[in-house]
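Numbering (this note's numbering), first residue to last: 2 to 247. Just so it is clear, CB atoms sit at the ideal spot from N, CA and C, and this is done for glycine as well. Being a predicted model, the structure only gives us computed values, none of them experimental. Heads up: the structure comes next, in structure tokens.
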Amino acid sequence: MRPIVLATDYGTSGAYVGQLKSAIYTVAPGATIIDLTHELPEFNPRASAYLLASFLEYVPPESVIVGVVDPGVGSARLPVVLEGDGYTFTGPDNGLFSIVARKLSKARWSEILLSSEPASNTFHGRDIFAPVAVQLASGSTPRLAPAPAEDRAGIQWPDDLHEIVLVDHFGNGVTGIRYRPSDQERIMKVHGEKVRYAPAFHCVGPGESFWYGNSNGLIEVAVREGSAAERLDLKTGDPVGFDAAG
């Protein structure tokens, strides 16, 4: 059975993650379930899309990924499956998979045709996407219909998002901008403050702000032994970018 990987905005303080995993375990007690993250930016599929795409390199090949950041749950938005390069994703069609789809060769989208089984209006992760993930992971085929790629949500989003997409546990601000070594001489502007590149934390003094390419390939703004969120007043959605003069 293929591994099932979970990436949600559910957090860990309530019962949501436990119920999601229980729904999988109930029908597949032998399933390998990996909690990739339950701290994606809540209610924000766009920011989450750039993070999810950056995590893919370290997800086991042949995994089935349940992705849920779904502020439109219960609406007319479609439930979908995305396949490519041995990976399979299932979740809402709200742009969450739009960036990762660009990294896949021959990405194929399908709409999940819902059964007559009752489902909660507010917990499709448990009642729709978890059962579909088990079917996909075990080699059976859920009821699917082709879904044209050009109709998928998020298709117009840029390849690089010049915003903070996550403020992490350390107060670092992760951006949606891919790291390129050719940008190392450039200066970032964050709320009017100029922030220079450094390759790692030890290269700057305590309390000094800098930007670097993080371990998942995105640009991140940090403060050595401190919080960039506090120092630079960062929050998800804040614009960031390179200084035009730098």
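Taking its Cβ as the centre, do 16 or more other Cβ atoms sit within 10 Å of residue i, making it buried, or is it exposed?
i    : result
E231 : exposed
L114 : exposed
N95  : buried
G177 : buried
R144 : exposed
P46  : buried
T9   : buried
Give the range of the alpha helix (DSSP H) segment to which residue i is assigned.
i    : result
K22  : 17-28
A120 : Unbroken run through A120: none, as it is neither H nor E.
Tell me, which residues are paired with residue i by DSSP?
i    : result
P147 : S111
D36  : L7
V243 : Here the sequence assigns Phe to residue 243, which means Val is not the residue at that position. Answer by DSSP bridge pairing, in chain order: M189.
L97  : According to DSSP, which records beta bridges pairwise, L97 is partnered with nothing at all.
L105 : BP columns for L105 are empty, so no partner.
I165 : T176
Would DSSP call residue i helix, strand or coil?
i    : result
G140 : coil
G12  : coil
E231 : helix
G92  : strand
A134 : helix
I129 : helix
D152 : helix
Which first and last residues belong to the beta strand (DSSP E) in which residue i is found?
i    : result
A223 : 219-224
| Quick one: complete beta strand (DSSP E) runs, 3+ long, within the stretch 168-213? | You should have 174-179, 189-191, 194-196.
| Residue ranges of each alpha helix (DSSP H) run of no fewer than 4 residues wholly in the stretch 40-89, ordered along the chain? | Runs of the alpha helix (DSSP H) inside the stretch 40-89: 46-56.
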